[in-house]
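39 is the number of the first residue of the sequence shown in the numbering used here; add one for each residue after it.
Before any comments, here is the structure.
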Amino acid sequence: MAARRWVAPALFAALLAAFGAGIWGIYRSNFPGQGLYRASGVYETRVTDVMVIVKHEKMPGLMDEMQSMVFMAESKDVLDRAKLSTGDRVRLTIRPTAERLLLVDIQKIK
39 MAARRWVAPA LFAALLAAFG AGIWGIYRSN FPGQGLYRAS GVYETRVTDV
89 MVIVKHEKMP GLMDEMQSMV FMAESKDVLD RAKLSTGDRV RLTIRPTAER
139 LLLVDIQKIK
């Protein structure tokens with residue numbers, strides 16, 4: 039009988055932890071970390087091994103929407119992993135540096 043008393047509180051604690059983890063995941067998907075910005079856009083083309091052109095939406099706290107903008111990727115692998123085609127919707131993670139906006143991640147989205 040004593041074991042049954044703890045079922046409801048244990049279930050409540052597990053559900054509360056799952057809810058908290060879900061909220062944290064949503065927060066991190068929109069706010070990736072200090073010094074990083076995230077935006078969505080449409081992939082246009084790859085110019086070089088590390089350079090792409092993207093039409094992106096507003097990046098809150100950084101810049102307004104742009105029709106076409108060139109981004110330099112952190113490395114060739116960042117772009118190779120994404121396997122993008124012209125017209126793909128993408129999510130960009132950007133780190134501003136003194137010289138440029140550095141693309142640290144790009145992912146295809148639905």
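C-beta atoms are modelled at their ideal positions from N, C-alpha and C, and glycine is treated no differently.
Integer Cβ distance of residue i from residue j, believed to fall under 8 Å
i	j	result
Thr131	Arg84	Incorrect: roughly 17 Å between the Cβ atoms, too far for contact.
Ser78	Val116	So it is not a contact: roughly 17 Å between Cβ atoms.
Residue i in three-state terms, based on DSSP
i	result
Pro134	strand
Val85	coil
Gly79	strand
Where the beta strand (DSSP E) containing residue i begins and where it ends
i	result
Asp143	Leu139 to Lys146
Lys93	Met89 to His94
Gln72	Element bounds for Gln72: n/a, residue is neither H nor E.
Met97	From DSSP, Met97 is part of no beta strand (DSSP E); its letter is neither H nor E.
Ser106	Met104 to Ala111
Distance between residue j and residue i (C-alpha atoms, nearest Å)
i	j	result
Thr86	Ala59	39 Å
Trp44	Phe50	10 Å
Met104	Met89	16 Å
Val142	Ala56	29 Å
Lys96	Leu74	14 Å
Ile149	Leu54	No answer is possible for residue 149: it lies beyond the span of the chain, which begins at 39 and ends at 148.
Ile91	Ile61	32 Å
Asp126	Ala52	38 Å
Thr124	Glu82	5 Å
Residue span of the alpha helix (DSSP H) that contains residue i, given as start and end
i	result
Lys114	Lys114 to Ala120
inquiry  = Is it the case that the segment 98-111 contacts the segment 131-140, given that we only count it when at least three CB pairs across the two stretches are under 8 Å?
reply    = yes
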